[in-house]
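Scroll down for the structure; my scribbles are underneath it.
Protein chains: 2
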Amino acid sequence: MKIYRYPSKNNWQEMVERPVFKREEISETIAAIFNEVTEKKDQALFSFNEKFDGVRLESITVTEAEIKKAEDIISEELKQAIRQAKENISKFHAAQQSAIEKIETTAGVTCWRETRAIEKVGIYIPGGTAPLFSTVLMLAIPAQLAGCKEIILCTPPDKDGNVHPAILYAARLCGVSRLFKVGGAQAIAAMTLGTESIPQVYKIFGPGNQFVVAAKEYAQRYGVAIDMPAGPSEVLVIADQQAVPAFCAADLLSQAEHGSDSQVVFIATDLTVFSETIAAVEEQVLQLPRNELAKNALENSYCILLNTIEEAFEFSNLYAPEHLILAIDNFEKYLPFIQNAGSVFLGNYSCESAGDYASGTNHTLPTNGFAKNYSGVSLDSFVKKITFQHLSKEGLENLGNTIEIMAEEEGLFAHKNAVTIRLK
Amino acid sequence: MKIYRYPSKNNWQEMVERPVFKREEISETIAAIFNEVTEKKDQALFSFNEKFDGVRLESITVTEAEIKKAEDIISEELKQAIRQAKENISKFHAAQQSAIEKIETTAGVTCWRETRAIEKVGIYIPGGTAPLFSTVLMLAIPAQLAGCKEIILCTPPDKDGNVHPAILYAARLCGVSRLFKVGGAQAIAAMTLGTESIPQVYKIFGPGNQFVVAAKEYAQRYGVAIDMPAGPSEVLVIADQQAVPAFCAADLLSQAEHGSDSQVVFIATDLTVFSETIAAVEEQVLQLPRNELAKNALENSYCILLNTIEEAFEFSNLYAPEHLILAIDNFEKYLPFIQNAGSVFLGNYSCESAGDYASGTNHTLPTNGFAKNYSGVSLDSFVKKITFQHLSKEGLENLGNTIEIMAEEEGLFAHKNAVTIRLK
Numbered sequence: 001m002k003i004y005r006y007p008s009k010n011n012w013q014e015m016v017e018r019p020v021f022k023r024e025e026i027s028e029t030i031a032a033i034f035n036e037v038t039e040k041k042d043q044a045l046f047s048f049n050e051k052f053d054g055v056r057l058e059s060i061t062v063t064e065a066e067i068k069k070a071e072d073i074i075s076e077e078l079k080q081a082i083r084q085a086k087e088n089i090s091k092f093h094a095a096q097q098s099a100i101e102k103i104e105t106t107a108g109v110t111c112w113r114e115t116r117a118i119e120k121v122g123i124y125i126p127g128g129t130a131p132l133f134s135t136v137l138m139l140a141i142p143a144q145l146a147g148c149k150e151i152i153l154c155t156p157p158d159k160d161g162n163v164h165p166a167i168l169y170a171a172r173l174c175g176v177s178r179l180f181k182v183g184g185a186q187a188i189a190a191m192t193l194g195t196e197s198i199p200q201v202y203k204i205f206g207p208g209n210q211f212v213v214a215a216k217e218y219a220q221r222y223g224v225a226i227d228m229p230a231g232p233s234e235v236l237v238i239a240d241q242q243a244v245p246a247f248c249a250a251d252l253l254s255q256a257e258h259g260s261d262s263q264v265v266f267i268a269t270d271l272t273v274f275s276e277t278i279a280a281v282e283e284q285v286l287q288l289p290r291n292e293l294a295k296n297a298l299e300n301s302y303c304i305l306l307n308t309i310e311e312a313f314e315f316s317n318l319y320a321p322e323h324l325i326l327a328i329d330n331f332e333k334y335l336p337f338i339q340n341a342g343s344v345f346l347g348n349y350s351c352e353s354a355g356d357y358a359s360g361t362n363h364t365l366p367t368n369g370f371a372k373n374y375s376g377v378s379l380d381s382f383v384k385k386i387t388f389q390h391l392s393k394e395g396l397e398n399l400g401n402t403i404e405i406m407a408e409e410e411g412l413f414a415h416k417n418a419v420t421i422r423l424k
Numbered sequence: 425m426k427i428y429r430y431p432s433k434n435n436w437q438e439m440v441e442r443p444v445f446k447r448e449e450i451s452e453t454i455a456a457i458f459n460e461v462t463e464k465k466d467q468a469l470f471s472f473n474e475k476f477d478g479v480r481l482e483s484i485t486v487t488e489a490e491i492k493k494a495e496d497i498i499s500e501e502l503k504q505a506i507r508q509a510k511e512n513i514s515k516f517h518a519a520q521q522s523a524i525e526k527i528e529t530t531a532g533v534t535c536w537r538e539t540r541a542i543e544k545v546g547i548y549i550p551g552g553t554a555p556l557f558s559t560v561l562m563l564a565i566p567a568q569l570a571g572c573k574e575i576i577l578c579t580p581p582d583k584d585g586n587v588h589p590a591i592l593y594a595a596r597l598c599g600v601s602r603l604f605k606v607g608g609a610q611a612i613a614a615m616t617l618g619t620e621s622i623p624q625v626y627k628i629f630g631p632g633n634q635f636v637v638a639a640k641e642y643a644q645r646y647g648v649a650i651d652m653p654a655g656p657s658e659v660l661v662i663a664d665q666q667a668v669p670a671f672c673a674a675d676l677l678s679q680a681e682h683g684s685d686s687q688v689v690f691i692a693t694d695l696t697v698f699s700e701t702i703a704a705v706e707e708q709v710l711q712l713p714r715n716e717l718a719k720n721a722l723e724n725s726y727c728i729l730l731n732t733i734e735e736a737f738e739f740s741n742l743y744a745p746e747h748l749i750l751a752i753d754n755f756e757k758y759l760p761f762i763q764n765a766g767s768v769f770l771g772n773y774s775c776e777s778a779g780d781y782a783s784g785t786n787h788t789l790p791t792n793g794f795a796k797n798y799s800g801v802s803l804d805s806f807v808k809k810i811t812f813q814h815l816s817k818e819g820l821e822n823l824g825n826t827i828e829i830m831a832e833e834e835g836l837f838a839h840k841n842a843v844t845i846r847l848k
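Heads up: the sequence lines are chains A and B, in that order.
Numbering of the first sequence is given in the numbering used here, commencing with residue 1 and proceeding in unit increments.
Numbering of the second sequence is given in the numbering used here, commencing with residue 425 and proceeding in unit increments.
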């Protein structure tokens, strides 16, 4: 980790720039995959499975028997943990439902919004180093609460053609209608275009490698919506004199272990906490099974010593972190200072992993500075809000003149006439 | 208008496909414009003004004197109309503010969301055939209500270097901080990249021609968010026996006059209303100043005679119209049938132009079938929702085991350790 002591504000803008990773030019690969799936549909997916996952499947669709078997395999302890997480995530997201409120803007003119689920949604769960069944919970639970009719899930099979049982269990528990053993850009193409097995969806959610990310961008050309733009995961921790260095270090590392491209930023206003946290990171990292990834991530990361908590928030807002941990006294007072962040963790016992798994908040969050202009996934991500209006004859009489004047000034006489013809 | 009498459901999917307009390959042009603005900044904008707008400006920034002059020029009647529209739009959008609700998901674990404005937003208002000051209201009012600190607006100058006074008046009235005389893709590039005069923004809103649309797509590569994908405007009217043919025709035409690429769809369940509406369209269109545009739009449009209102909704949901007008009896009963639509107008006096200008709802809506997966612009479009959580020591004790089990199963031991180290 780089160390900055009281850096000049002139350098902050440069500091908050995210590390630039060489992004390979893969758009031709993605276009080729979409073309292949358009032409050959399921057959293309079988071939991709063979090529990328090293397995020849007989069916892409996960069977009822496989789901049953998964339920038998996984421990009661894990099931219980998943159920507690589900309960909390459900509670938090259910509270995001909004009541219909009718507003009479002018006498006889009533306007309101109603919520409708996006009918068909697709969830992508990557394979790779970690079986992210927690992400199944984070995406399927709000989809089900929203009332999406079709919730499908694609995830790559392992070399034996299987999917991790915890992914199957979580998917079934949270109302996923159908699961498919397809990974990578081809899974995104299949959900965008539809194949014999996989239905077309209207919105695609979920994390993935650079091919998946590029495929989600590409899918938008076909009118499919996506959850949000993607980037490497990150955390920013602000600590004062009462912070516990060992806790701060553990939080920094739990972000760093996500991958070599993760970034962690530590800001302290107290010299002892600053030094001890840096020492604790160096000590704790050695004990991690994934310490190679974490060490790489730490090379992209830095610690800053600043004079005041106010300055720390100023820096944090410029950085716009995905996760922001406030290991500070009197954090309530500072909430209004927060402008840009994905999810905020308050006090010494609110570790990021609580939000990653089980507290109830969503862990699909804007990274890479996107916290300046995007929200994390919520119930809203799975619905549209439709506006409604009713004008009585009296309502149109009260508003008609205004509409006619404005329409005429814009040169839109048919707009004007739609009022005039009703009022005469 | 094409006429379909009782078309088979097998043909509906084909019918709802939007007319495909030849989209020129303009991505190279857009990339060149972005490069030019990156390199030459304001100087590039001056050159583009000369090239595309036929005017050599001394300054891109609209002056205080110009705004004052605009206020003097426009009639009191128009000002009054704009103020009434502003009041209604403000009422409707202010009601979309949500209170903070703290949820205790597990004893000692409290989660909530808080709203923060997107700090810097840019509004694009096209020039061309209609001075869209109504769109200024629709975008600047929620931006100001949301608390956006910087609200800038770009719009092309006319041949004399001026901007329509109603645009200036509406912008000043609704809290636009600064206005700039720049149009087209170069305006989008300037708001994305920043120049000496024009500040960089985090999100760009507003309609435009194919160059503006392509530039907004392109801007996203730089991390800028946009309001929504664009497409030609459209309306679908459902009418039963009590509908008034002259009103239906006026509504169809007020959509058709937007542009040659607009599409209007008329569905009736009553033969008399069906025939009389078609006749009324043919009659009314002759009286319109913009009848060439409207006639072209009608060529892409169609009328459908169906047996039942239920079928009409089935078709409408498949079409997913931007605007949906229900000229039917007992419309309340049918609201739950609506799945996909941008904005809905109820009964014989709720003409679309009410929502376009002054009832209070937003007129920036998803077109081209995007009502399946996108909402229209609302207060939410100008904010992020940040999640917060606080775990007390007891809270972490209640939830810690669940987090540890899940993290271990995902192979993320640093995530687990962030809990373990706090609890031991």
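C-beta: ideal position from N, C-alpha, C; glycine also.
Practice item. Taking E501 of chain B as the query, report the chain A residues whose CB atoms sit under 7 Å from its CB, ordered along the chain. Key: Going along chain A in sequence order, the residues near E501 of chain B (Cβ under 7 Å) are I405.
Practice item. Answer yes or no: do G395 of chain A and T106 of chain A have a C-beta to C-beta separation smaller than 8 Å? Key: A Cβ-Cβ contact shorter than 8 Å links G395 of chain A with T106 of chain A.
Practice item. Measuring only between beta-carbons, confirm whether Q241 of chain A sits less than 8 Å from chain B. Key: With respect to chain B, the C-beta atom of Q241 of chain A has no partner C-beta closer than 8 Å.
Practice item. Output, in chain order, the set of chain A residues within a Cβ distance shorter than 7 Å of Y798 of chain B. Key: The answer, in chain order, is A225, K384.
Review point. Does any CB atom of chain B fall closer than 8 Å to the CB of H323 of chain A?
Key: When Cβ-Cβ separations below 8 Å define contact, H323 of chain A makes no contact with chain B.
Review point. So, helix, strand or coil for T364 of chain A, using DSSP?
Key: Note: T364 of chain A maps to coil in three-state DSSP.
Review point. Considering only residues of the same chain and omitting the five flanking positions on each side of K159 of chain A, which have a CB-CB separation below 8 Å?
Key: Hits under 8 Å: D53, G54, V55.
Review point. Between the Cα of L660 of chain B and the Cα atoms of B:S740, B:N797, B:V560, B:E452, which residue gives the shortest distance?
Key: L660 of chain B has its Cα closest to that of B:S740, out of B:S740, B:N797, B:V560, B:E452.
Point to revise | Given 8 Å, three or more beta-carbon pairs between the region 79-98 of chain A and the region 190-210 of chain A | key: Segments in contact, no.
Practice item. With DSSP as the reference, label I547 of chain B as helix, strand or coil. Key: DSSP places I547 of chain B in strand when its eight states are reduced to three.
**Study point:** Minimum C-alpha distance to Q97 of chain A - residue among A:A354, A:L145, A:S134, A:Y124
**Key:** From the listed residues A:A354, A:L145, A:S134, A:Y124, the smallest Cα separation to Q97 of chain A is found for A:L145.
Exercise for review: Could you give the DSSP three-state label for T462 of chain B: helix, strand or coil?
Suggested key: Three-state DSSP puts T462 of chain B in a helix.
Point to revise | With 16 other Cβ atoms within 10 Å as the buried cut-off, status of I524 of chain B | key: Here I524 of chain B is exposed, its C-beta having fewer than 16 other C-beta atoms within 10 Å.
Check your understanding: Which residue comes first and which comes last in the alpha helix (DSSP H) that contains V606 of chain B?
Key -> Where V606 of chain B is concerned, there is no enclosing alpha helix (DSSP H), given that its DSSP letter is neither H nor E.
Review point. By a C-beta neighbour count over all protein chains shown, 10 Å radius and 16 as the cutoff for buried, is I497 of chain B buried or exposed?
Key: I497 of chain B comes out exposed.
Check your understanding: Are Q200 of chain A and A44 of chain A close, meaning C-beta to C-beta below 8 Å?
Key -> For Q200 of chain A and A44 of chain A, no; Cβs fall outside 8 Å.
Exercise for review: Give the range of the beta strand (DSSP E) segment to which T63 of chain A is assigned.
Suggested key: T63 of chain A -> no beta strand (DSSP E), and no H or E assigned at all.
Check your understanding: Is there a Cβ from chain B that is less than 8 Å from the Cβ of K393 of chain A?
Key -> Yes - at least one Cβ of chain B is within 8 Å of the one on K393 of chain A.
Check your understanding: So does the region 221-241 of chain A actually touch the region 324-340 of chain A, counting three or more Cβ pairs closer than 8 Å?
Key -> Yes: at least three Cβ pairs fall under 8 Å.
Check your understanding: I141 of chain A and C174 of chain A look like a contact to me (Cβ under 8 Å); what is the Cβ gap, rounded to whole Å?
Key -> Between the beta-carbon of I141 of chain A and that of C174 of chain A there is about 5 Å, and that keeps the pair under the 8 Å contact cut.
Review point. Can you give the beta carbon distance from F180 of chain A to I198 of chain A, rounded, assuming they're within the 8 Å contact cut?
Key: With a contact defined as Cβ atoms closer than 8 Å, F180 of chain A and I198 of chain A qualify at about 5 Å.
Check your understanding: Less than 8 Å separating the beta-carbons of P790 of chain B and Y798 of chain B?
Key -> Contact: yes.
Exercise for review: Tell me where the beta strand (DSSP E) around Y218 of chain A begins and ends.
Suggested key: Element bounds for Y218 of chain A: not the beta strand (DSSP E) but the alpha helix (DSSP H), 210-219.
Check your understanding: Q687 of chain B by DSSP, collapsed to three states: which one?
Key -> DSSP places Q687 of chain B in strand when its eight states are reduced to three.
Point to revise | Near-chain B residues of the region 204-217 of chain A (beta-carbon distance less than 8 Å), N- to C-terminal order | key: Listed by position, the residues of the region 204-217 of chain A near chain B (Cβ gap below 8 Å) amount to none.
Check your understanding: Within the 8 Å Cβ cut-off, does C775 of chain B reach chain A?
Key -> Yes, because at least one Cβ of chain A sits closer than 8 Å to the Cβ of C775 of chain B.
Check your understanding: Is the beta carbon of N786 of chain B less than 8 Å from the beta carbon of P656 of chain B?
Key -> No, Cβ-Cβ distance for N786 of chain B and P656 of chain B is not below 8 Å.
Review point. Between the region 297-308 of chain A and the region 1-17 of chain A, do three or more beta carbon pairs fall short of 8 Å?
Key: Output reads yes: the region 1-17 of chain A touches the region 297-308 of chain A.
Practice item. Report the three-state DSSP secondary structure of T619 of chain B (helix, strand or coil). Key: It is coil, neither helix nor strand.
Review point. Are any of the Cβ atoms in chain B nearer than 8 Å to that of L45 of chain A?
Key: By the rule that beta-carbons nearer than 8 Å mark a contact, L45 of chain A does not touch chain B.
**Study point:** For C578 of chain B, the first and last residue of its enclosing alpha helix (DSSP H)
**Key:** From DSSP, C578 of chain B is part of no alpha helix (DSSP H) but of the beta strand (DSSP E) over 574-579.
**Study point:** Residues bridged to Y726 of chain B [DSSP beta-bridge criterion]
**Key:** According to DSSP, which records beta bridges pairwise, Y726 of chain B is partnered with B:K426, B:V689.
Exercise for review: Residues of the region 715-740 of chain B with a CB closer than 7 Å to any CB of chain A: list them in chain order, please.
Suggested key: Residues A718.
Point to revise | Segments assigned beta strand (DSSP E), at least 3 residues, entirely inside the region 689-772 of chain B | key: As for any beta strand (DSSP E) of minimum length 3 sitting wholly inside the region 689-772 of chain B, the runs are 726-729, 747-751, 767-770, ordered along the chain.
Point to revise | Option in A:S378, A:E299, A:T269 with minimal Cα separation from E282 of chain A | key: Nearest to E282 of chain A by alpha-carbon distance, out of A:S378, A:E299, A:T269, is A:E299.
Review point. What are the start and end residues of the alpha helix (DSSP H) that includes I204 of chain A?
Key: For I204 of chain A, there is no enclosing alpha helix (DSSP H); the residue is part of the beta strand (DSSP E) that begins and ends at 203-205.
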